[in-house]
Each structure stands twice: as C-alpha cells, then as structure tokens.
Amino acid sequence: MAVVTINPRIWFAQYHLSADHNQVAVTSGREEVDSTVFTNTAKSMRGALPFVECTGEGYVEFGNNNVHEVLRSNINTADVPVTIGMEGAGDQTSAVFFKANLLQYSINGAVGQLLPFSWQAKGSSTPAVQGKIFGIGSKTSSANGTSNQLGVLAAGETMHMALHVLSVSGTSPTLDVIITSDTASGFPSGVTRKTFSQKTAVGSDYLTLAGPVATDSWWRAQWTIGGSSTPTFDIVIVCGITTDP
86 MAVVTINPRI WFAQYHLSAD HNQVAVTSGR EEVDSTVFTN TAKSMRGALP
136 FVECTGEGYV EFGNNNVHEV LRSNINTADV PVTIGMEGAG DQTSAVFFKA
186 NLLQYSINGA VGQLLPFSWQ AKGSSTPAVQ GKIFGIGSKT SSANGTSNQL
236 GVLAAGETMH MALHVLSVSG TSPTLDVIIT SDTASGFPSG VTRKTFSQKT
286 AVGSDYLTLA GPVATDSWWR AQWTIGGSST PTFDIVIVCG ITTDP
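If you count the sequence shown from 1, you need to add 85 to reach the working numbering.
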C-alpha cells in the first residue's frame, strides 16, 4: 500500500526541525569496492562498510535556535544524534537514526520567493539504525517507557540508543535515563544495560551496546526526574539493533 508523507519528524541533537522542512531523505547501503580477480571474466564489485546519508530541504527561519542558526553552527560537528521519525511519531513508532556529521548547508534564494535551504549529513561511525521510539513527549515524573520486543541481542549485533532532550524547565531539574532488558514484557527482573549521562539542560546523547545479551528479548527505557517547581523534560528516546559489518 502506498504511503502519503505528511508529518515525519526530524530531530537533530536537541532541536526539533520538522516544521521547517518540506523534504527529508535517508540513504543507506554499503560502500562498493572492486573485488575483481584474474579468474573473473567481468568486473566484480562487493559491498564493504555500511554508510548512511541524510539530506533535507525547507525554508529558512532566522533567529537564535531557529533552523538557519542550528544548521549553520553545526557544520562539521561530529557525532550529532539525528533521528527521523515516521508519520505521527509516538511511542513504538518506527524511526531511523544515526550519529551524523553535517557536511553541507546552503541557502539559494530568488527575488520575491521564500528563501530555501538544503543540507547534507553523513554517518559518523554508525550505520542507519532502524529502531523504535521508546519514549517521547513532555515528562514531569519518573516512569517506565513502553516495553518493546526488539529481540535478543546476539553476538555480532549492536544495540544503538539515542536521547534527544528538546526543552527543560523547573528548578534544579535532573533527568536520568536508562535502557533495561528482560525475558518478559512485564519486566519481572529487568537488568540495566546502558545509562545515558544525566541531563540538566537541553542536549543529546548516543550509546551503543555490543552483544550478546543472554536471553532477553524485551527492552524499555526508564527515566527518573528530580528537582522542584514541576521539573519538565521534553524528550525523544529511540533504540534499535544492527548486525555488525
């Protein structure tokens, strides 16, 4: 069935840039290398290391923390978490994410027209990870995210995890996020597998966990919020498993 694209999500580090874009594309694959040997009767090519490239287009908005300043100031910043959420992103929605290096940003306007921008980012030591959103939205209290049966993390596989903190309010707010696993959806004996660095302001983080991890096939995020005056964090947490090269 054909899919009409209306409202994908674009999270770049601690910024939500969807409203500025009208196009976004993610390309993934493997770098081609020549594997031709003497016995071949024609050229032979083989896929080597995985790669991912992301491009976006939209209309410029100037000002502090708006899309122009965000992209312009992050050119050649390494290891920026980028997440592209599918339509109507929510808990358990599919998403593609990776660590990126923003290499190009351009604006090229014409008189009397909206000022367009375009950008290109490439993966920084990560493939394109197909995952799910483990937590999203405004959080004011400690809680467990929804359980997700991503499967057992086997030898030769890696779990990737990204955290975007888009806004923070309250007095002395703190956010601690962990990723846990278990053998059952109710998490009767959940084990902490990874811990993101504590967040007290907007920011982002990216973690990996190499397999194997026992027999656990269920995964979820847990967040602990501290502070006073109703500490509030607007967050996106995404996780997925890839097969190592």
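All residues carry an ideal CB built from backbone N, CA and C; glycine is no exception. Bear in mind that the values here come from a model prediction, so they are computed numbers and not experimental data.
Distance check for PHE219 and THR265, CA to CA, integer angstroms please. 11 Å
Along the chain, where does the beta strand (DSSP E) that runs through SER314 open and close? 303-328
Minimum Cβ-Cβ distance from PHE183 to chain E less than 8 Å: In the structure shown, chain E does not exist; there is a single protein chain.
Range of the contiguous beta strand (DSSP E) that encloses GLU142: 130-144
Can you tell which of PHE123, ASP319, GLU138 has its C-alpha closest to the C-alpha of VAL214? GLU138
What's the C-alpha gap between LEU188 and THR168? 17 Å
Separation of ALA269 from GLY141, as counted between CA atoms: Spanning the two alpha carbons is a distance of roughly 39 Å.
Going by beta carbon distance, what residues of the same chain come within less than 7 Å of SER274, once the five residues before and after it are set aside? The answer, listed in chain order, is ASP267.
Please report the straight-line C-alpha distance between ASN151 and PHE97, rounded to a whole angstrom. 12 Å
Quick check: MET244 and ILE326, are their CB atoms within less than 8 Å of each other? Closer than 8 Å, so yes.
Thinking PRO166 and TYR291 are a contact (beta carbons under 8 Å), I'd like their distance in whole angstroms, please. 5 Å
Does GLN99 pass the burial test, meaning 16 or more other C-beta atoms within 10 Å, or should it be called exposed? buried
Residue range of the alpha helix (DSSP H) that includes LEU156: 152-158
What is the DSSP secondary structure of ASP48, counted as helix, strand or coil? It is not possible to answer for residue 48, since the shown part of the chain is limited to 86 through 330.
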